[in-house]
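2 protein chains.
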Amino acid sequence: MSTGYLDFYRGRSVLVTGGLGFIGSNLARRLVDLGARVLLVDSLIPDYGGNLFNIEGIADRLQVNIADVRQQSSMNHLVRDRAVIFNLAGQVSHIDSMRDPYSDLEINCRSQLTILEACRYNNPGVKVVFAGTRQVYGHADSLPVDERHLVRPTDVNGINKAAGEYYHLVYNNVFGIRACSLRLTNVYGPRQLIRHNRQGFIGWFIRLAIEDRTIQIYGDGSQLRDFVYVDDAADAFLRAGAIDACNGDVFNVGGDGPVSHRELATQLVKAAGSGRVEYVEWPAEKKAIDIGDFYADSSKFRGATGWTPATPLADGLGATIAFYRAHLSRYVTESRPAEPT
Amino acid sequence: MSTGYLDFYRGRSVLVTGGLGFIGSNLARRLVDLGARVLLVDSLIPDYGGNLFNIEGIADRLQVNIADVRQQSSMNHLVRDRAVIFNLAGQVSHIDSMRDPYSDLEINCRSQLTILEACRYNNPGVKVVFAGTRQVYGHADSLPVDERHLVRPTDVNGINKAAGEYYHLVYNNVFGIRACSLRLTNVYGPRQLIRHNRQGFIGWFIRLAIEDRTIQIYGDGSQLRDFVYVDDAADAFLRAGAIDACNGDVFNVGGDGPVSHRELATQLVKAAGSGRVEYVEWPAEKKAIDIGDFYADSSKFRGATGWTPATPLADGLGATIAFYRAHLSRYVTESRPAEPT
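In the order they appear, the protein sequences are chains A and B.
One gets the working numbering by counting positions in the first sequence from 1 and adding 575 to each.
One gets the working numbering by counting positions in the second sequence from 1 and adding 575 to each.
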């Protein structure tokens with residue numbers, strides 16, 4: 576494959592849903608550099624990942640349209656004439672999905688139909704790459720997990736993300752709207768939401784280390800995960816968007832091997848030169864939806880696209896810490912006064 | 576297990592959603608005979624399966640509440656004080672789900688959250704048995720299909736039914752609301768909707784045979800399915816509702832072995848003494864979402880509950896034909912004048 580997939584984007588019209596969010600904005604940076612004509616759609620729902628600071632430095636090289644992906648007529652218009660849609664808009668908090676399952680349903684499940692129906696009637700020639708999640712697997716029967724593992728989510732968020740992914744495959748197979756899904760494991764890096772701890776632990780741990788606070792690890796910290804640096808995740812999207820061999824299929828996009836929570840926190844404190852680790856009991860609410868050890872086998876995606884998670888964890892953590900140290904105020908304080916939600 | 580599960584229902588308060596429909600009304604007959612206190616909830620949406628004639632002869636031995644399972648406050652009230660909920664309300668047309676995916680989403684996916692949230696806050700001690708479907712498997716990788724087969728639906732209906740099923744499992748595991756799902760294959764028998772052909776082929780074939788019309792078989796008729804007589808399906812629900820070994824799990828409920836479309840139609844015409852068979856090309860719209868050959872391995876459910884599909888196909892077809900011959904006008908004509916939908 577070499578780098579031909581990068582040339583593919585020069586001059587192409589690309590839409591990124593959730594484009595002001597963590598992965599979306601990092602992907603947008605790559606796309607702008609590759610010469611793509613980039614439109615970001617984001618609803619800036621408070622407490623989700625969208626942040627206008629995420630496009631600082633590239634804001635004049637792309638278009639931003641504030642809209643909700645649940646709104647059909649908006650999407651009918653916005654999908655038109657795009658060559659590729661990177662479909663990343665979503666509600667990512669597992670805990671929130673158990674407290675308010677309807678909002679999660681609307682955003683992760685129904686909105687996918689909205690986007691795909693918009694494409695069906697307004698741009699059936701488009702290619703869509705969906706941001707799936709390893710959460711759809713639930714507890715792993717064996718490790719590493721490949722795509723033949725049963726889909727058996729442990730929480731409402733995982734269910735709705737699974738349904739959203741299945742819609743993409745059905746629209747690919749039935750309506751010919753080329754689509755695929757990347758089942759991402761734990762992605763980390765600059766521009767992730769770190770204002771609260773309901774969107775995954777790694778960004779939150781980084782914030783605690785930088786602020787010289789105590790990182791609480793549930794249980795004994797032996798739990799395994801794999802981690803993907805956001806630049807590598809963005810590269811995975813670029814490959815999937817350009818390579819039609821991916822159409823109609825799902826692919827794990829995981830890290831280079833398992834890392835325990837304990838090891839991650841230790842590396843993080845060392846890299847930051849601040850913070851400390853404390854081991855505490857699992858909160859019941861989190862234990863009930865926890866998936867246990869997990870790490871992915873990404874060989875199917877590597878085989879199809881040549882992708883590899885190129886960034887070592889130490890390098891990625893170092894770059895992430897440096898980013899947040901430089902811009903912490905943009906990510907930890909409220910940027911606006913209180914307002915109606 | 577013997578028949579202890581039948582005694583379980585004496586005097587118990589039981590709710591059946593979709594209770595005026597095909598399987599729901601047959602289940603209601605069994606429940607009434609077993610001495611249960613039965614409440615049927617149905618919305619009587621035109622073109623769905625609800626039919627007041629389905630409870631003729633038992634209407635004075637149960638309660639009927641016309642309501643939509645999507646309506647939260649109705650469900651909050653109706654689930655209270657029930658020992659068991661048989662959750663059968665659904666949109667069952669695959670073709671309709673591809674034309675209008677949102678209605679299917681609302682009824683098969685969102686409404687399941689409505690019911691489960693109603694239980695979570697108003698009756699967490701209830702047991703829920705969900706009517707799942709073999710459609711969640713999509714194309715079979717190998718036959719017969721057991722529950723270790725991947726969930727990979729071929730249409731929007733299958734996706735939303737899968738999500739609805741997953742919600743039940745998550746609410747069982749996280750909130751302790753005992754629930755399980757029966758993945759039904761092709762169920763047939765008295766009281767099925769036969770007014771149009773968008774809800775599965777078998778009821779429609781039966782109508783055509785009775786009316787001495789031509790049964791159109793797509794392709795060469797070699798496609799395999801398995802068939803469950805509705806009394807056996809009702810018995811499966813009764814067992815799953817009474818037996819806590821089923822909680823938190825999914826079970827295939829299939830027929831006694833594979834039968835080709837050709838064989839089914841031939842048996843049907845013979846049993847009816849009327850009708851004929853014609854082989855035609857697959858309509859593109861149906862071919863696109865067809866799942867190919869399918870028959871289920873139900874040994875997991877047999878092992879857990881002692882259930883068996885007791886009714887031979889010939890007997891079931893005979894009883895079904897006799898039923899519709901006696902009551903055809905109640906199932907093929909519009910019972911009401913045109914009205915707003």
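Ideal placement from N, C-alpha and C gives every residue a C-beta, glycine not left out.
Query                                                                                                                        : Result
Per-residue DSSP class, three states only, for Leu-813 of chain A                                                            : helix
Those residues which DSSP pairs with Thr-789 of chain B across a bridge                                                      : B:Arg-851
Counterpart residues of Leu-637 of chain A in DSSP-defined beta bridges                                                      : DSSP output for Leu-637 of chain A lists no bridge partner at all.
Beta-carbon proximity of Ile-896 of chain A to Ala-846 of chain A, cut-off 8 Å                                               : yes
DSSP three-state assignment for Phe-705 of chain A, whether helix, strand or coil                                            : strand
Alpha-carbon to alpha-carbon, Leu-718 of chain B and Ser-873 of chain B                                                      : 12 Å
Residue of B:His-902, B:Gln-666, B:Ala-737, B:Thr-729 minimising C-alpha distance to Val-727 of chain A                      : Residue identity check: residue 727 of chain A is Arg in the sequence provided, not Val. With distances taken between Cα atoms, Arg-727 of chain A lies closest to B:Ala-737.
Cross-strand partners of Ala-754 of chain B (DSSP beta bridge)                                                               : B:Val-703
Interface residues of chain B facing Met-673 of chain A [CB-CB closer than 7 Å]                                              : Val-749
Ala-784 of chain A in three-state terms, based on DSSP                                                                       : helix
Buried or exposed (CB count within 10 angstroms, at least 16 for buried), Glu-740 of chain A                                 : buried
Sheet register partners of Val-616 of chain A (DSSP bridge)                                                                  : A:Thr-592, A:Asn-640
Those residues which DSSP pairs with Phe-826 of chain B across a bridge                                                      : B:Leu-757
Within chain B, the residues that Tyr-696 of chain A reaches when beta carbons sit closer than 8 Å                           : In chain order: nothing, as chain B lies at least about 12 Å away.
Three-state secondary structure (DSSP) of Ser-797 of chain B                                                                 : coil
Own chain partners of Ser-797 of chain A with C-beta closer than 8 Å, once the 5 adjacent residues on each side are dropped  : Ser-835, His-836, Arg-837
Element boundaries [beta strand (DSSP E), containing Val-803 of chain A]                                                     : 802-804
Own chain residues within Cβ distance below 6 Å of His-669 of chain A, not counting five before or after                     : Asp-730, Asn-732, Ile-864
Cβ of Asp-730 of chain A within 8 Å of any chain B Cβ                                                                        : yes
First through last residue of the alpha helix (DSSP H) which encompasses Gly-907 of chain B                                  : Checking the displayed sequence, the identity of residue 907 of chain B turns out to be Val instead of Gly. Per DSSP, Val-907 of chain B belongs to the alpha helix (DSSP H) from 904-907.
Whole-angstrom distance between Ala-817 of chain B and Phe-705 of chain A, CA atom to CA atom                                : 41 Å
Nearest-angstrom Cβ-Cβ length linking Ile-630 of chain B and Ser-678 of chain B, presumed shorter than 8 Å                   : In fact, because the Cβ distance is near 25 Å, the residues do not count as touching under 8 Å.
Distance between beta carbons of Arg-709 of chain B and Arg-758 of chain B, contact taken as under 8 Å                       : 5 Å
Status (buried if at least 16 other CB within 10 Å, exposed otherwise) for Thr-908 of chain B                                : exposed
Within 8 Å, strictly: CB atoms of Asp-622 of chain A and His-771 of chain A                                                  : yes
Which listed residue (B:Glu-786, B:Asp-582, B:Asn-822) has its alpha carbon closest to that of Leu-903 of chain B            : B:Glu-786
Residue from A:Gly-832, A:Tyr-746, A:Gly-850, A:Tyr-899 whose Cα sits closest to the Cα of Ala-885 of chain A                : A:Gly-832
Within-8 Å CB hit, Leu-725 of chain A to chain B                                                                             : yes
Which listed residue (B:Val-803, B:Arg-685, B:Gln-791, B:Ile-633) has its alpha carbon closest to that of Gln-646 of chain B : B:Arg-685
Beta carbon of Tyr-793 of chain A nearer than 8 Å to that of Gly-778 of chain A                                              : no
Contact check, Val-828 of chain A vs Val-803 of chain A, beta carbons under 8 Å                                              : yes
Contact check, Phe-750 of chain B vs Arg-800 of chain B, beta carbons under 8 Å                                              : no
Same chain, Cβ closer than 6 Å to Ala-642 of chain B, neighbours up to 5 away in sequence not counted                        : Val-616, Ser-649
Chain-ordered chain A contacts of Leu-606 of chain B [CB-CB under 7 Å]                                                       : Going along chain A, no residue has its Cβ under 7 Å from Leu-606 of chain B, so there is no contact; the nearest lies around 30 Å.
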